[in-house]
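For the sequence shown, position 264 matches number 274 in our numbering, and the numbering has no gaps at all.
Even glycine gets a Cβ: it sits at the ideal position worked out from N, Cα and C.
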Amino acid sequence: MLAEKKITVGITGGIAVFKTVQLVSNLKADGAVVNVVMTRSAQEFVKPLTFQVLSGSPVYTELFDPMAGAVQHIELATRPELIVIAPATANVLGKVANGIADDLLTTVIMAATCPVLFCPAMNVNMYNNVVVQRNIAILGKRGFEFVEPGIGRLACGVEGRGRMADLDLIKNKIRNLLHPRQDMEGLTVLVTAGPTVEPIDPIRYITNRSTGKMGYGVASEATLRGAKTVLISGPTILEPPRGVELIKVETATQMYEAVMARFAGVDIVVKTAAVADYRPLQFSNQKIKKQDGSLSLVLTRNPDILAELGRKKEQQILVGFAAETSNLEGYAQQKVKEKNLDLLVANDITQIGAGFGSDTNVVRFVYPDGTVKQMPLMDKTVLASRILDEALALRRKQK
Numbered sequence: 011m012l013a014e015k016k017i018t019v020g021i022t023g024g025i026a027v028f029k030t031v032q033l034v035s036n037l038k039a040d041g042a043v044v045n046v047v048m049t050r051s052a053q054e055f056v057k058p059l060t061f062q063v064l065s066g067s068p069v070y071t072e073l074f075d076p077m078a079g080a081v082q083h084i085e086l087a088t089r090p091e092l093i094v095i096a097p098a099t100a101n102v103l104g105k106v107a108n109g110i111a112d113d114l115l116t117t118v119i120m121a122a123t124c125p126v127l128f129c130p131a132m133n134v135n136m137y138n139n140v141v142v143q144r145n146i147a148i149l150g151k152r153g154f155e156f157v158e159p160g161i162g163r164l165a166c167g168v169e170g171r172g173r174m175a176d177l178d179l180i181k182n183k184i185r186n187l188l189h190p191r192q193d194m195e196g197l198t199v200l201v202t203a204g205p206t207v208e209p210i211d212p213i214r215y216i217t218n219r220s221t222g223k224m225g226y227g228v229a230s231e232a233t234l235r236g237a238k239t240v241l242i243s244g245p246t247i248l249e250p251p252r253g254v255e256l257i258k259v260e261t262a263t264q265m266y267e268a269v270m271a272r273f274a275g276v277d278i279v280v281k282t283a284a285v286a287d288y289r290p291l292q293f294s295n296q297k298i299k300k301q302d303g304s305l306s307l308v309l310t311r312n313p314d315i316l317a318e319l320g321r322k323k324e325q326q327i328l329v330g331f332a333a334e335t336s337n338l339e340g341y342a343q344q345k346v347k348e349k350n351l352d353l354l355v356a357n358d359i360t361q362i363g364a365g366f367g368s369d370t371n372v373v374r375f376v377y378p379d380g381t382v383k384q385m386p387l388m389d390k391t392v393l394a395s396r397i398l399d400e401a402l403a404l405r406r407k408q409k
């Protein structure tokens, strides 16, 4: 898979450097030509000799190396096909975002002519710091690639986001960057994502726990594979994937109108959005004041976007989602037929690793002929790829 691919792995000073030992070993086993650049802080955790043995190449540590026979940082920056920074500390992210090149690694990154992939790893409070998030946003807009850190128990003993992503995710991203699939070139994909919000008054609203991660993952994967991607998103804190056309909406009615306006010109629809089934019948222009006794709120049905798409579709492949808490397969079988879907992705949100906001999901692929495929627990980015694989397979059968 990676035979003769030239990869430079940059290692900064964090406890996750121990995972990088395995990463370098795996890349080498896959046939890659691996060079390693270590900062001084990284060498406090693991000695360069370890990476020299695993990579089969010298490890580079100093910007001014009297033994180097060439302009070392330029050669390290222009020779590889990919540079992977794992782990990427807040320090290195801040330096690169602000144009600082004061050691070998940051100088290599600044001079790079190939894609650079950051794998952040740090304390959760540090990761959530507004300065760090600003630096990540700056780097993303400049074309740098990222594998988001995972959630779990960190070395400091707290739970939260900040642990370096699982190696399978990092290796999958590396393969995508080095071997980009363009099997969706010429196709237009419409993805809906996130929740909708239904206002009660200027302050209160009805919504759900959807974060948009699944939909944003599908949109990102479709774009990487060459599709023209339209992402219609409810409110979310996520940064839109580079290269997508983003349409922001809030209410179910707004999402309905946006989807219907674009539907005729698309080839594949993946509707991951968790759209509110009901909205308040009346919106109060003023804040509803608290009074003694109970408050009754009359709700009315929102338009059923998926059902309408099922009625209107001609050659489009229509993929829907169903989040349930019981009788998953029964409800899914009913929904895939009633709404004229080509594929329904169903999940039981009470399962561990399958709820809203998680990085993973456990789903079943349900087809209108009654076929059900149980998928294992997997990261949502991997699941996004599987969903698009299925959509393409269904499209080929259709022709």
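Could you tell me which residues DSSP puts in a beta bridge with residue i?
{"i": "S243", "result": "A203, K258"}
{"i": "R4", "result": "Nothing in the structure corresponds to residue 4, since the chain is present only between 11 and 409."}
{"i": "F375", "result": "V355, K383"}
{"i": "V279", "result": "L200, L328"}
{"i": "E155", "result": "L127"}
{"i": "Y215", "result": "P209"}
{"i": "Y70", "result": "V47"}
{"i": "E334", "result": "D358"}
{"i": "A274", "result": "Looking at the DSSP assignment, A274 forms no beta bridge with any residue, so it has no partner."}
{"i": "K238", "result": "T198"}
{"i": "L251", "result": "According to the sequence as given, residue 251 is Pro; it is not Leu. Per DSSP, none; premise fails for P251."}
{"i": "T7", "result": "This structure does not reach residue 7, given that the chain is present from 11 up to 409, and the question cannot be answered."}
With a threshold of 16 other CB atoms inside 10 Å of the CB of residue i, please say whether the residue is buried or exposed.
{"i": "I362", "result": "exposed"}
{"i": "E54", "result": "exposed"}
{"i": "R235", "result": "buried"}
{"i": "V27", "result": "buried"}
{"i": "P97", "result": "buried"}
{"i": "G303", "result": "exposed"}
{"i": "G340", "result": "exposed"}
{"i": "R289", "result": "buried"}
{"i": "F156", "result": "buried"}
{"i": "G275", "result": "exposed"}
{"i": "A283", "result": "buried"}
{"i": "N145", "result": "buried"}
{"i": "T310", "result": "exposed"}
{"i": "E249", "result": "exposed"}
{"i": "L291", "result": "exposed"}
Can you list, in chain order, the residues of its chain with a C-beta nearer than 8 Å to that of residue i? Leave out the 5 residues immediately preceding and following it.
{"i": "V43", "result": "E14, K15, K16, I17, S67"}
{"i": "V118", "result": "T18, G20, V47, H83, L86, A87, I93"}
{"i": "Q192", "result": "R235, G236"}
{"i": "N295", "result": "D211, P212"}
{"i": "L177", "result": "K29, Q32, L33, N36"}
{"i": "G380", "result": "Q343"}
{"i": "N186", "result": "L234"}
Which same chain residues, not among the five before or five after residue i, have their C-beta less than 6 Å away from its C-beta?
{"i": "R374", "result": "A356, V382, Q384"}
{"i": "I278", "result": "V199, I327, A401"}
{"i": "D239", "result": "Reading off the sequence, residue 239 comes out as Thr, not Asp. Contacts found: V199, A229, A232, T233, V254."}
{"i": "T123", "result": "T88"}
{"i": "V102", "result": "T22"}
{"i": "A342", "result": "A332, L354, A356, V376"}
{"i": "D352", "result": "I327, L328, L404"}
{"i": "T370", "result": "G363, L387, D389"}
{"i": "L393", "result": "N371"}
{"i": "T391", "result": "G227"}
{"i": "I25", "result": "A165"}
{"i": "R50", "result": "none"}
{"i": "A317", "result": "K349"}
{"i": "A100", "result": "M132, M136, V142"}
{"i": "V308", "result": "L291"}
On the DSSP letters alone, give me the boundaries of the alpha helix (DSSP H) that residue i sits inside.
{"i": "D358", "result": "Note, D358: premise wrong, no alpha helix (DSSP H); beta strand (DSSP E) at 353 to 358."}
{"i": "F28", "result": "27 to 39"}
{"i": "R321", "result": "315 to 322"}
{"i": "T117", "result": "114 to 120"}
{"i": "R406", "result": "390 to 408"}
{"i": "V58", "result": "Here the sequence assigns Pro to residue 58, which means Val is not the residue at that position. Element bounds for P58: 58 to 65."}
{"i": "A286", "result": "Segment: none, A286 is in no alpha helix (DSSP H) and carries neither H nor E."}
{"i": "P195", "result": "Here the sequence assigns Glu to residue 195, which means Pro is not the residue at that position. Run containing E195: none; DSSP gives neither H nor E here."}
{"i": "K299", "result": "From DSSP, K299 is part of no alpha helix (DSSP H); its letter is neither H nor E."}
{"i": "M136", "result": "134 to 138"}
Please report the residue range of the beta strand (DSSP E) in which residue i lies.
{"i": "K16", "result": "16 to 21"}
{"i": "T310", "result": "309 to 311"}
{"i": "A98", "result": "92 to 98"}
Can you list, in chain order, the residues of its chain with a C-beta nearer than 7 Å to that of residue i? Leave out the 5 residues immediately preceding and following it.
{"i": "V69", "result": "V46, M48, P58, F61, Q62"}
{"i": "T116", "result": "V102, K105, V106, I110"}
{"i": "R272", "result": "L200, V240"}
{"i": "K258", "result": "S243"}
{"i": "P251", "result": "Y226, A229, S230, T233"}
For residue i, verify whether its CB is less than 6 Å away from any heavy atom of the ligand NAD.
{"i": "E85", "result": "As for the ligand NAD, it is missing from this structure, which has no ligand bound."}
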